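J.: Handing you this structure, nothing more for now.
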Amino acid sequence: MNPNSAVKRVGLFTSGGDSPGMNAAIRAVVRSCIYYDLDIYGIRRGYAGMIEGDIFRMNSRSVSGIIQRGGTILKSARSMEFKTKEGRQKAFDNISKHDIDSMVVIGGDGSFRGAQAFEAEHGVKMVGVPGTIDNDLFGTDYTIGYDTATNTAVDAIDKIKDTADAHDRLFFVEVMGRDAGFIALKTGISCGAEAIMIPEDNMKLDELIDILKKGRPSKNSSIVVVAEGDNLGGAFVIAEKVKEQFQQYETKVTILGHLQRGGSPSCFDRVLASRLGLAAVEALMAGKSGIMVGQVHSDIIQTPLEQATKHGPRINQDLLRLAKIISI
Ligand code: ADP
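Going by the working numbering, the sequence shown runs without a break in its numbering and finishes at 425.
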């Protein structure tokens, strides 16, 4: 027990959509707790595991050899029951059996909303670590997993481009991002896409067709990167509509889907996760609660969970402009 710490027993879990680098964050939280003489308990499958009482003591060796592994050794889950008062009461009863007085939650905006509700009702100290491939949280330039996911998507689209070139094909590649176009924008620029369709830009079909028509005579293949949440209805719908105007070219659709969540985390994500894991533990020790730790301009900062979830970051208009200029 550390007499200088505001908390004594820390619970740790990963929640919601998994992302590469969560293991690196788990490792950093566990090792930081041990360094500071705090007891650390892992909870499997997020809020669902908390409700079922799937809680176990962790030590330094529990996190050996995981920094390079994708996924999460603590598993992740979604829990409808935790959205109810009764569910949260069960979760509280279970963590109370272990005298857990504080928690680190690694997840996205939904997980942080859950953390806010839990803290408000039961007074457990909660600190969030942003773990999501979507990069859609306010209070951090990057979320853990975003860098790896974009690199995975770039690697996949480079391969698609080879076959697109070989057959004069027009490819529509859909990447993840239900509400945000960050992955699509960055991968589209990196892969030299002809057009990038993201919810924030709201590009109309006519505009897309114009871009393709201008480029098509001189280019023998084209890639259009589409964010999952694009307003025109996704890659299949757009491809169908465009096909009617480009009958001479073969039109293909690839949905990258869950492969973007997997794989070994990048160096960037491992370092980010390690920094944020330590920052989360130090914030709890200093008596902080209801906050998310994040990295802005390479500094570690703290943002109230309420702000982190409510004010998503804006798309970088400079990048959007750049993408349009250099794709001609
Ligand atoms: P992510 O954290 O990746 O955004 P979800 O949106 O699925 O993932 O949220 C993860 C879990 O957080 C949900 O399954 C639910 O148990 C909990 N949660 C989300 N929103 C709330 C809320 N408003 N109140 C309580 N719990 C919530």
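No residue lacks a Cβ here, since even glycine has one placed at the ideal position from N, Cα and C.
Please read all numbers here as calculations on a predicted model, not as lab measurements.
Go ahead and pull the three-state DSSP assignment for LEU302.
T.: Numbered from its first residue, the sequence shown carries residue 302 at position 205. Looking at LEU302 - three-state DSSP - the assignment turns out to be helix.
J.: Report the rounded CA-to-CA distance for GLU347 versus VAL393, giving the unit in angstroms.
T.: The residue labelled residue 347 in the question sits at position 250 within the sequence shown. The residue labelled residue 393 in the question sits at position 296 within the sequence shown. C-alpha separation (whole angstroms): 44 Å.
J.: For ligand 1, is there a heavy atom less than 7 Å away from the beta-carbon of GLY220?
T.: As a working note, residue 220 is residue 123 in the sequence shown. Result no, Cβ not under 7 Å from ligand 1.
J.: Going by the beta-carbon positions, is the gap between PHE189 and LEU402 smaller than 8 Å?
T.: Along the sequence shown, read from residue 1 onward, the residue named residue 189 stands at position 92. Along the sequence shown, read from residue 1 onward, the residue named residue 402 stands at position 305. No, Cβ-Cβ distance for PHE189 and LEU402 is not below 8 Å.
J.: With DSSP as the reference, please indicate the residues paired to MET200 in a beta bridge.
T.: Here residue 200 is taken as the residue at index 103 of the sequence shown, counted from 1. Looking at the DSSP assignment, MET200 forms a beta bridge with GLY108 and MET223.
J.: Can you tell me whether LYS182 sits near ligand 1, meaning its C-beta is under 7 Å from at least one heavy atom of the ligand?
T.: Locating residue 182 in the sequence shown gives position 85, counting from the first residue. Result no, Cβ not under 7 Å from ligand 1.
J.: Hey, would you say GLU106 sits closer than 8 Å to TYR138, going by beta carbons?
T.: As a position in the sequence shown, residue 106 is number 9, starting the count at 1. As a position in the sequence shown, residue 138 is number 41, starting the count at 1. According to the sequence displayed, residue 106 carries Arg and not Glu. A contact, by the Cβ cut-off of 8 Å.
J.: Helix or strand or just coil, what does DSSP make of SER438?
T.: Here the chain has residues from 98 to 425 only, and residue 438 is not among them.
J.: Got a sec: does ligand 1 put a non-hydrogen atom nearer than 7 Å to the Cβ of TYR144?
T.: The residue labelled residue 144 in the question sits at position 47 within the sequence shown. True, at least one ligand heavy atom lies under 7 Å from that Cβ.
J.: As a quick exercise: from GLY143, ASP276, ILE254 and PHE268, pick the residue whose alpha carbon is nearest that of ALA212.
T.: On the sequence shown, position 115 is the one that residue 212 refers to. Nearest C-alpha to ALA212: GLY143.
J.: When you compare the CB positions of PHE235 and HIS408, do they come within less than 8 Å of one another, or not?
T.: The count along the sequence shown starts at 1 and reaches residue 235 at position 138. The count along the sequence shown starts at 1 and reaches residue 408 at position 311. Contact: yes.
J.: Using only the alpha-carbon positions, how far apart do GLY167 and ALA121 sit?
T.: The residue labelled residue 167 in the question sits at position 70 within the sequence shown. The residue labelled residue 121 in the question sits at position 24 within the sequence shown. Distance between the alpha carbons of GLY167 and ALA121 is about 9 Å.
J.: With DSSP as the reference, label LYS172 as helix, strand or coil.
T.: In the sequence shown, residue 172 corresponds to position 75, counting from 1. DSSP places LYS172 in coil when its eight states are reduced to three.
J.: My output table needs one value for ALA430: the three-state DSSP class, helix, strand or coil.
T.: This structure gives no information on residue 430, because the portion of the chain shown stretches from 98 to 425.
J.: Where does ILE425 land, buried or exposed, given buried means 16+ other C-beta within 10 angstroms?
T.: On the sequence shown, position 328 is the one that residue 425 refers to. Its Cβ having fewer than 16 others within 10 Å, ILE425 is exposed.
J.: So, are the CB atoms of ASP366 and GLY118 less than 8 Å apart?
T.: Against the sequence shown, residue 366 aligns to sequence position 269. Against the sequence shown, residue 118 aligns to sequence position 21. The answer is yes: Cβ separation under 8 Å.
J.: For ASN299, collect the residues of the same chain with a Cβ closer than 6 Å to its Cβ; drop the 5 residues on either side in sequence, then sort them by chain order.
T.: Position 202 of the sequence shown, counted from the start, is the residue given in the question as residue 299. The answer, listed in chain order, is ASN328.
J.: Could you give the DSSP three-state label for ILE163: helix, strand or coil?
T.: To locate residue 163, count along the sequence shown from 1; it is residue 66. Reduced to three states, the DSSP call for ILE163 is coil.
J.: Given this structure, state the Cα-to-Cα distance separating PRO100 from ASP134, to the nearest angstrom.
T.: Position 3 of the sequence shown, counted from the first residue, corresponds to residue 100. Position 37 of the sequence shown, counted from the first residue, corresponds to residue 134. Rounded to the nearest angstrom, the two C-alpha atoms are 9 Å apart.
J.: Is it the case that the Cβ atoms of THR245 and ASN232 are separated by a distance below 8 Å?
T.: Within the sequence shown, the letter at position 148 stands for residue 245. Within the sequence shown, the letter at position 135 stands for residue 232. No.
J.: Starting from the N-terminal side, write out each stretch of the alpha helix (DSSP H) that is 4 residues or longer and does not extend beyond the region 290-365.
T.: As far as the region 290-365 is concerned, its whole alpha helix (DSSP H) runs of at least 4 residues are 302-312 and 332-340.
J.: Quick one: what's GLY391 bridged to in DSSP?
T.: Working through the sequence shown from its first residue, we reach residue 391 at position 294. Paired residues: ILE398.
J.: Relative to ligand 1, is the shortest distance from any of its heavy atoms to the C-beta of GLY207 smaller than 7 Å?
T.: Within the sequence shown, the letter at position 110 stands for residue 207. It does: the Cβ of GLY207 is within 7 Å (strictly closer) of some heavy atom of ligand 1.
J.: If you pair each beta-carbon of the region 304-313 with each one of the region 281-294, do three or more pairs fall below 8 Å?
T.: As far as the Cβ criterion goes, the region 304-313 touches the region 281-294, which means the pair count is three or higher.
J.: From ILE192, LEU419, ALA383 and SER361, pick the residue whose C-alpha is nearest to that of ILE164; which is it?
T.: To locate residue 164, count along the sequence shown from 1; it is residue 67. Of ILE192, LEU419, ALA383 and SER361, the residue nearest in Cα terms is SER361.
J.: Helix or strand or just coil, what does DSSP make of SER241?
T.: Here residue 241 refers to the residue found at position 144 when the sequence shown is read from its first residue. This sequence places Ile at residue 241; Ser is not what is there. Three-state DSSP puts ILE241 in a strand.
J.: Does ligand 3 have even one heavy atom less than 7 Å from the beta-carbon of PHE279?
T.: By its list of ligands, the structure shown excludes ligand 3, since it contains just ligand 1.
J.: For the beta strand (DSSP E) containing GLY139, name the first residue and the last one.
T.: Locating residue 139 in the sequence shown gives position 42, counting from the first residue. First-last of the beta strand (DSSP E) with GLY139: 136-140.
J.: Looking at the secondary structure, which residues open and close the alpha helix (DSSP H) in which PHE279 lies?
T.: Locating residue 279 in the sequence shown gives position 182, counting from the first residue. Residues 279-287.
J.: Return yes when the Cβ of VAL323 is within less than 8 Å of the Cβ of GLU271, no when it is not.
T.: On the sequence shown, residue 271 is found 174 positions in, with the first residue counted as 1. On the sequence shown, residue 323 is found 226 positions in, with the first residue counted as 1. Taking 8 Å as the Cβ cut-off, GLU271 and VAL323 qualify as a contacting pair.
J.: Let me make sure I understand the geometry here. Which of ILE148, SER315, PHE179 and GLY359 has the alpha-carbon closest to that of GLY207?
T.: Walking along the sequence shown from the start, residue 207 turns up at place 110. When only C-alpha atoms are compared, the closest one is PHE179.
J.: Could you check the C-alpha separation between LEU302 and GLY225 for me, to the nearest Å?
T.: The count along the sequence shown starts at 1 and reaches residue 302 at position 205. The count along the sequence shown starts at 1 and reaches residue 225 at position 128. So the two alpha carbons sit approximately 40 Å from each other.
J.: Measuring straight from C-alpha to C-alpha, what distance separates MET382 and LYS194?
T.: Stepping through the sequence shown from its first residue, residue 382 is reached at position 285. Stepping through the sequence shown from its first residue, residue 194 is reached at position 97. Going from the Cα of MET382 to the Cα of LYS194 covers about 21 Å.
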